[in-house]
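In what follows, a single structure is set out as structure tokens and then discussed.
2 protein chains.
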Amino acid sequence: MSERQKSILDAAVRVIARAGVRGLRVEQLAAEAGISTALIYYHFGDRAGLLRRTLEHINEDAAGYTQQAAAKATDARGELELLLLLELQDTESVRTNSTAWGELRASAVFNEDLREPLAESTRVWVDEVAEVIRRAQASGSASPLADPLDAAERLTCLVEGLSERWLSGSMTIARARKLLRGAIAAELAER
Amino acid sequence: MSERQKSILDAAVRVIARAGVRGLRVEQLAAEAGISTALIYYHFGDRAGLLRRTLEHINEDAAGYTQQAAAKATDARGELELLLLLELQDTESVRTNSTAWGELRASAVFNEDLREPLAESTRVWVDEVAEVIRRAQASGSASPLADPLDAAERLTCLVEGLSERWLSGSMTIARARKLLRGAIAAELAER
């Protein structure tokens, strides 16, 4: 991806986090990114193409603040905790990404065009988490009885649910993190 | 609540589930409910008052298809499973309520006026679930080590996350129900 494409997608995430998916007009995005609308159409085709790439971009950007930090963990269990807990941080980039992701999912309930790209981006994230769970099992720090895919789908769903409660003011970030830690322990425990 | 108020709130839930919170105009609601806009203002004050009562109404309506059925369970553990699983049913009333609830939560990220009533409605739901978990513990069908409030917040958050994945087309309802059953087992297990 070129720097120009990246800066357009960064701007799209900011606009969605500020004004919602319905607030994302190509004209407004061009103003935010400081370029022409023609350049947006040149790089992303239509609005649907732009939204699809924006979803992928949120995933890749989140990987920047979760996977990189998680890779520094000393074992797969620690890596899993970081990978998930770092989705719940009160920093501007996490807040912006999580707001945009939640808004895109909420919009997909009403807008069928968003469903397939959202399902695909979700699958990529779930598979990453399942892979770390498998490694934790292989190293003996997670119960061999846990189903990695079930656990990964539940934990990522829970992250989405906790994130929405936090962003919508029903829960503090500290509480959300505590609850997520407990869920990871419950999912990976012997039983 | 009068029949008239109930029919206005039912109409508000339908309009939100169809057109989103931003699509809820008092004029449109009056047309949907077959009454005058003046009567809406008479019963609910302003739009904020209407949205607050709509949130409460979704909770009460959901209690109709979860608590009543759950009360028929033979023990508190069965009651808990029904209380949560019946939030994931592919029926028109559950789909409409869940769509409206998810939309109201997503809107609260952008609209501060919605936050306090949403947090309050969430608290009522969480407390109901925590209470059933306490009864399951008292009857020996749930581990005494589980923290009822932590478990209730996690399980209701997970219901919201699963519900949004289902409604946005990222997950089948059968898969969502299977994952929720596994989470209840993990939360209430001895460990």
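So the sequences go chain by chain: C and D. Heads up: the first sequence begins at 1 in UniProt numbering, then just goes up one per residue. Heads up: the second sequence begins at 1 in UniProt numbering, then just goes up one per residue. Just so it is clear, CB atoms sit at the ideal spot from N, CA and C, and this is done for glycine as well.
- Would you kindly report the start and end of the unbroken alpha helix (DSSP H) that includes V94(D)? Residues E92 to F110.
- Task: Starting from the beta carbon of D127(D), find every residue of chain C whose beta carbon is closer than 9 Å, and list them in chain order.
- Result: The contacting residues do not exist; D127(D) stays about 13 Å from chain C at best.
- Query: Just checking my contact of G20(D) with E103(D) at CB under 8 Å: how many whole Å lie between their CB atoms?
  - Reply: 6 Å
- Closest to L51(C) by CA distance: which of E112(C), A71(C), D75(C) and I173(C) is it? E112(C)
- So which residues on chain D does D150(C) lean against when the C-beta distance must stay under 7 Å? L179 and G182
- Task: Starting from the Cα of A33(D), find the closest Cα among Y42(D), R4(D) and L55(D) and give me that residue.
- Result: R4(D)
- Query: Taking Cβ positions only, does G140(C) come closer than 8 Å to chain D?
  - Reply: no
- Task: State the start and end residues of the unbroken alpha helix (DSSP H) segment that holds I8(D).
- Result: E3 to A19
- Give a yes or no on whether the minimum CB-CB distance between residue 225(C) and chain D is below 8 Å. Within the shown structure, residues of chain C are numbered from 1 to 191, placing residue 225(C) beyond reach of any answer.
- Message: Quick check: the Cα distance between L29(D) and E128(C), rounded to an integer number of angstroms?
- Response: 44 Å
- Have a look at Q89(D) and I184(D) and give me their C-alpha separation to the nearest angstrom. 17 Å
- Query: Ends of the alpha helix (DSSP H) at R154(C)?
  - Reply: P148 to L167
- Can you tell me whether V124(C) is buried or exposed, with buried defined as 16 or more other CB within 10 angstroms of its CB? The Cβ neighbour count for V124(C), taken over all protein chains shown within 10 Å, is under 16; the residue is labelled exposed.
- To which residues of the same chain is H57(D) closer than 6 Å at the C-beta, ignoring the five residues directly before and after it? L9
- Answer with yes or no whether the minimum CB distance from R105(D) to chain C is below 8 Å. yes
- Message: Quick check: the region 113-122 of chain C against the region 71-87 of chain C, are at least 3 beta-carbon pairs closer than 8 Å?
- Response: no
- Task: Determine, using beta carbons only, whether V13(D) and T54(D) come nearer to each other than 8 Å.
- Result: Contact check for V13(D) against T54(D) passes: the beta carbons are separated by less than 8 Å.
- Task: With a 10 Å radius around its C-beta and 16 neighbouring C-beta atoms as the bar for buried, classify A106(D) as buried or exposed.
- Result: buried
- Query: Going along chain C, which residues have a C-beta under 7 Å from S170(D)?
  - Reply: Per Cβ cutoff of 7 Å: L118, A119 and T122.
- Identify the contact partners of V109(D) in chain C, using a Cβ-Cβ distance below 8 Å as the criterion. T99, G102, E103, E164, L167 and S168
- Query: For the candidate residues A142(D), A31(D), A130(D) and A174(D), whose alpha-carbon lies nearest to that of L155(D)?
  - Reply: A130(D)
- Query: So the alpha helix (DSSP H) Q89(C) belongs to, where does it begin and stop?
  - Reply: Element bounds for Q89(C): n/a, residue is neither H nor E.
- Item | Neighbourhood of L24(C) by C-beta distance below 7 Å, restricted to the same chain and skipping five residues each side | A12, V15 and I16
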